[in-house]
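Chemist: I have a structure here, written as structure tokens, and I will follow up with some questions on it.
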Amino acid sequence: MPSARRIGLFPDTYTIDDRYHISIGGLPIRQLAQEFGTPLYVLDYETLRHRIRSFQQALQDMNPPGQAFYAGKAFLTKAMAGFLEQQHMGLDVVSGGELYTALEGGMNPSRIIFHGNVKTDEEIRFGLLRGVGYFVVDSLAELEAISRIAKEVDKPAPILLRLTPGIEAHTHAFIQTGQFDSKFGFAMQDGIHEVALQRALTLPYLELKGFHAHIGSQIFDEDPFVHNAQRLMEFMHDALERYHYWPEVVDIGGGFGVQYGPDDDPPQVSRILARVNDAMQRMTPHGYAVPTVFIEPGRAIVAEAGVTIYQVGATKTVPGGKRYAAVDGGMGDNIRPALYQASYTAQVDGKNPEDRALYTIAGRYCESGDILVKDIPLPPIEPGDYVVVFGTGAYNFAMASNYNRVPRPAVVLVYNGQASLWVKRESYEDMAHNDLPWQDPEEGLWR
Ligand SMILES: Cc1ncc(COP(=O)(O)O)c(C=O)c1O
Ligand SMILES: N[C@@H](CCCC[NH3+])C(=O)O
């Protein structure tokens, strides 16, 4: 896990030489840019592996050992799914599309958790027929739908109930999910969660395995995670008393924060899990098994492994003296600054980072809000320079769009001086692939 002394998120294999050339995974970023084009998402294999291993180690130290289900929404492609499978990781998916990608990539369906606050009948059927490990149920309508479809296909559905524990973790309001008025899950208030529990225990073809509660994303404090586990355990005591039900699984979600900039102080996951484990041990009634803890980290696994390489297209000093460097990407490949005021760290390849002036790195999209990094000290920038933005592994590619009909960048994985293309750069043809040509309604050609 990154330490507070660092000033941002750098992949483990980041190096800068005496001419200030940056390399990741043993490959100069200039070479990557020239070979694969820009903007380019680069993922560092070693960082991914280390982050996964440190989660697995902390989970192994629990009693019983916990399990990790990487949150695919942070970044998922077929190759990522294949890599996760090789690392014996579980996966959390939130749509038929993520499930399809995971299965196509070779992920074992029994290690997949199917999330999402709206699952269509088609998606539920897809998950059941392919044998996903768990459905996390978000509403009464979904409980009914899963029970009905499970009966139709004659496959009992293993489920977790998503509860909303009323915990407000300190993070951007748009990425909080644990508060009672959240759109997600069953609020642990006014008895809604009790109704859900009763239905889950009585509807046919449902196998209730346990409870889930995710409190938000990019959380720095340890306490909310522990309080979340405690709240779930308290409810489990009620469930035991009233319905003689004791779960196998308690899923505390993801949300482990990472260090995007110097002010971010991420929590230590091993300590959180040790404290959660301790609470679970203490709160499990005599004669019952301590439930297995599931976690769903996304960002904490992939954010730091990723960088984006851009090429500078233009520089400008505007009246008032503000300096802009405009690059060949922006909000289409990284919507987070516009959406959450997210901040990033950047460097210019091949320039002395000590020799600095304040720059704003702007994107190429037709929005004034398309700013990637605001007021960052950087060396003098010229058109043609390569700018590297760090910590872009999570929720960048995954949230990318074709706004302004700009093709989405390629993704490459780097390791030990070699690069492997994970996603090809989109072409104009790819983008327009599903467009159909104009047909005149007056010619009677419309259906
Ligand atoms: C249910 C659930 N699990 C896991 C995650 C992953 O969160 P993060 O990437 O912050 O670990 C999210 C996103 O916030 C989520 O909604
Ligand atoms: N997409 C968000 C986080 C939301 C996570 C999903 N509940 C981000 O970029 O930080």
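If you read the sequence shown in full-length UniProt numbering, its first letter stands for residue 1, the second for the next number, and so on.
A virtual CB, placed ideally from N, CA and C, is assigned to each residue, including glycine.
Note that the structure is predicted; figures quoted are calculated from it, not measured.
1. Would residue 462 pass as a contact of M233 if the rule is Cβ separation under 9 angstroms?
2. If you pair each beta-carbon of the segment 365-385 with each one of the segment 37-54, do three or more pairs fall below 8 angstroms?
3. Pair every Cβ in the segment 59-74 with every Cβ in the segment 273-280, then say whether three or more of these pairs are closer than 8 angstroms.
4. Taking just the CA atoms, how far does L163 sit from R425?
5. Mind listing, in chain order, the continuous alpha helix (DSSP H) runs of no fewer than 4 residues lying wholly within the segment 303-374?
6. Count the other CB atoms, across all protein chains shown, that sit within 10 Å of the CB of K209; report buried if there are 16 or more and exposed otherwise.
7. Give me the Cα-Cα distance between A4 and P262, rounded to the nearest whole angstrom.
8. Alpha carbon to alpha carbon, what distance is there between E144 and Q150?
9. Looking only at its chain, what residues have a beta carbon closer than 6 angstroms to the beta carbon of R231, apart from the 5 residues adjacent to it on each side?
10. Please classify P11 as buried or exposed, where buried requires at least 16 other C-beta atoms within 10 Å of its C-beta.
11. Note the first and the last residue of the continuous alpha helix (DSSP H) segment covering G96.
12. Check whether the Cβ of H214 sits closer than 8 angstroms to any heavy atom of ligand 2, and report yes or no.
13. Less than 8 angstroms between C-beta atoms, sequence neighbours within five positions excluded: which residues of the same chain meet that for P2?
14. So the candidates are L445, T15, I167; which of them puts its Cα closest to the Cα of P28?
15. Would you say the beta carbon of Y134 comes nearer than 8 angstroms to a heavy atom of ligand 1?
16. For the putative contact between T38 and T77, defined by C-beta atoms under 8 angstroms, what is the C-beta separation to the nearest angstrom?
17. Would you list the one or two residues that DSSP bridges to G90?
18. Around ligand 1, what residues have a beta-carbon under 5 angstroms from a heavy atom of it, in chain order?
19. Beta strand (DSSP E) containing A419: first to last residue?
Modeler: From the atom records:
1. With the chain covering only 1 through 447, there is no way to say anything about residue 462.
2. The segment 365-385 vs the segment 37-54: no contact.
3. Cβ pair count under 8 angstroms is three or more, so yes.
4. For the purposes of this step, residue 425 is taken as the residue at position 425 of the sequence shown. For the purposes of this step, residue 163 is taken as the residue at position 163 of the sequence shown. Whole-angstrom Cα-Cα distance: 40 angstroms.
5. Segments of the alpha helix (DSSP H) lying fully in the segment 303-374: 336-340.
6. By 1-based counting over the sequence shown, the position of residue 209 is 209. K209 should be labelled buried.
7. Looking up residue 4 in the sequence shown gives position 4. Looking up residue 262 in the sequence shown gives position 262. In this predicted model, A4 has a pLDDT of only 35, less than 50, meaning its place in the structure is not dependable enough to derive any value.
8. Within the sequence shown, the letter at position 150 stands for residue 150. Within the sequence shown, the letter at position 144 stands for residue 144. The question names Gln, yet the displayed sequence has Ala at residue 150. C-alpha separation (whole angstroms): 10 angstroms.
9. By one-based count along the sequence shown, residue 231 stands at place 231. The answer, listed in chain order, is P165.
10. Locating residue 11 in the sequence shown gives position 11, counting from the first residue. Classification for P11: buried.
11. Locating residue 96 in the sequence shown gives position 96, where the first residue counts as 1. That run of the alpha helix (DSSP H) goes 96-104.
12. Here residue 214 corresponds to residue number 214 of the sequence shown, with the count starting at 1. Using a cutoff of 8 angstroms, the CB of H214 counts as near ligand 2, since one of the ligand's heavy atoms is closer than that.
13. Residue 2 sits at position 2 when you count from the first residue of the sequence shown. With a pLDDT of 38 at P2, under the threshold of 50, the predicted position of this residue should be treated as unreliable, though the coordinate-derived value follows. Cβ neighbours of P2 beyond the five flanking positions: L9, V258, Q259, P266, E304.
14. Start at 1 with the first residue of the sequence shown, and residue 28 comes out as number 28. Checking every option, the nearest Cα to that of P28 belongs to T15.
15. The residue labelled residue 134 in the question sits at position 134 within the sequence shown. No, since every heavy atom of ligand 1 falls outside the 8 angstroms radius drawn around the Cβ of Y134.
16. Position 38 of the sequence shown, counted from the first residue, corresponds to residue 38. Position 77 of the sequence shown, counted from the first residue, corresponds to residue 77. T38 to T77, Cβ: 19 angstroms. No contact.
17. Your numbering for residue 90 matches position 90 in the sequence shown. Secondary-structure assignment with DSSP links G90 through a beta bridge to F69.
18. One residue list follows from the rule of a beta carbon closer than 5 angstroms to any heavy atom of ligand 1, given in chain order as A71, A74, H214, S217, G253, G254, G255, E296, P297, G298, R299.
19. Counting from 1 along the sequence shown, the entry for residue 419 is found at position 419. Element bounds for A419: 418-423.
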